[in-house]
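Visitor: Following this message is one structure expressed as structure tokens.
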Ligand SMILES: C[S@@+](CC[C@H](N)C(=O)[O-])C[C@H]1O[C@@H](n2cnc3c(N)ncnc32)[C@H](O)[C@@H]1O
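Written out as structure tokens, the structure is:
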């Protein structure tokens, strides 16, 4: 009896690991693998986008949630993050909780291709050119006029940036304004 119970526990643990690992790999393929933007660069990006109190900040693929924490804690924004990897979704939740931002930052376990982004005032993105290609129609049909977009490292493939900034670590930030 206890032998059977042990086998069931092992099967359960393996299933959970396969679930977490499988979605981690799947998410990296459909959007981008997890790499965190340095905090300094996030602050530089928000200064460029003039993120201010009350703005709705969206991070598509929010990783460990640090973009959301900085947006809400240091800039007074309402931050919304979407993350499909269960591990990083949980890390974002924990990060928001530990930083005391539960009222101003939220993370959703969602595939961002299926999320409506029409309410965003500012968007922060670090994704692959392949993912940006898939977002072309969505951005053109959902984003409202005046939305400021900052992408880190890669430009959007379907719009010309209004400005390109070299960051303090030599990487690039691309700034867009929806017209
Ligand atoms: C390069 S990381 C950027 C993390 C964070 N935005 C930052 O700058 O620190 C990209 C993140 O997007 C997530 N991701 C990729 N495709 C996604 C999708 N379709 N829906 C939700 N999250 C996705 C990945 O799991 C990963 O955490």
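Residue numbers (our numbering): 41 to 219. Positions of the beta carbon are idealized from the N, C-alpha and C atoms, including for glycine. Since the model is a prediction, treat every value here as computed from it, not as a measurement.
Please report how far the alpha carbon of residue 86 lies from the alpha carbon of residue 102, in whole angstroms.
Guide: Rounded to the nearest angstrom, the two C-alpha atoms are 15 Å apart.
Visitor: Could you pull out every residue in the same chain whose Cβ sits closer than 8 Å to the Cβ of residue 106, ignoring the five residues on either side in sequence?
Guide: Only 76, 77, 79, 82, 135 meet the Cβ criterion.
Visitor: Whose C-beta lies closer than 7 Å to the C-beta of residue 155 among residues of the same chain, with five residues either side of it excluded?
Guide: The residues are 122.
Visitor: My assumption, with CB atoms under 8 Å, is that residue 161 sits in contact with residue 95. Please give the rounded CB distance.
Guide: Correct: roughly 4 Å between the Cβ atoms.
Visitor: Helix, strand or coil for residue 120? Go by DSSP, reduced to three states.
Guide: In the structure shown, residue 120 sits in a strand (DSSP, three-state: E or B).
Visitor: Is the beta carbon of residue 173 sitting closer than 8 Å to the one on residue 197?
Guide: It is a contact, given that the beta carbons lie within the stated cut-off.
Visitor: Please state the DSSP three-state secondary structure of residue 68.
Guide: Residue 68: helix per DSSP, three-state reduction.
Visitor: Determine, using beta carbons only, whether residue 117 and residue 91 come nearer to each other than 8 Å.
Guide: Yes, these two residues count as a Cβ contact at 8 Å.
Visitor: Can you grab the Cα-Cα spacing for the pair residue 139 / residue 44, in whole Å?
Guide: Looking at the two C-alpha atoms, the distance is approximately 43 Å.
Visitor: Starting from residue 115 and walking both ways along the alpha helix (DSSP H), at which residues does that stretch end?
Guide: Run containing residue 115: 106-115, per the alpha helix (DSSP H) assignment.
Visitor: Mind checking residue 42: buried by the 16 CB within 10 Å criterion, or exposed?
Guide: Result: exposed.
Visitor: Which residues in the same chain as residue 176 place their Cβ atom closer than 6 Å to its Cβ, once the five residues preceding and following it in sequence are excluded?
Guide: So the qualifying residues of the chain are 198.
Visitor: Between which two residues does the alpha helix (DSSP H) harbouring residue 250 extend?
Guide: There is no way to answer for residue 250, as the model of the chain reaches only from 41 to 219.
Visitor: Taking 7 Å as the cut-off, is the beta-carbon of residue 103 closer than that to any non-hydrogen atom of ligand 1?
Guide: Yes.
Visitor: Check whether the Cβ of residue 98 lies closer than 7 Å to any heavy atom of ligand 1, and answer yes or no.
Guide: No, the beta carbon of residue 98 sits no closer than 7 Å to any heavy atom of ligand 1.
Visitor: My understanding is that residue 132 touches residue 112, with C-beta atoms under 8 Å, so please give their C-beta distance in whole angstroms.
Guide: With a Cβ gap of about 12 Å, residue 132 and residue 112 do not count as contacting.
Visitor: Return yes when the Cβ of residue 200 is within less than 8 Å of the Cβ of residue 217, no when it is not.
Guide: In this structure, residue 200 does not lie closer than 8 Å to residue 217 by Cβ.
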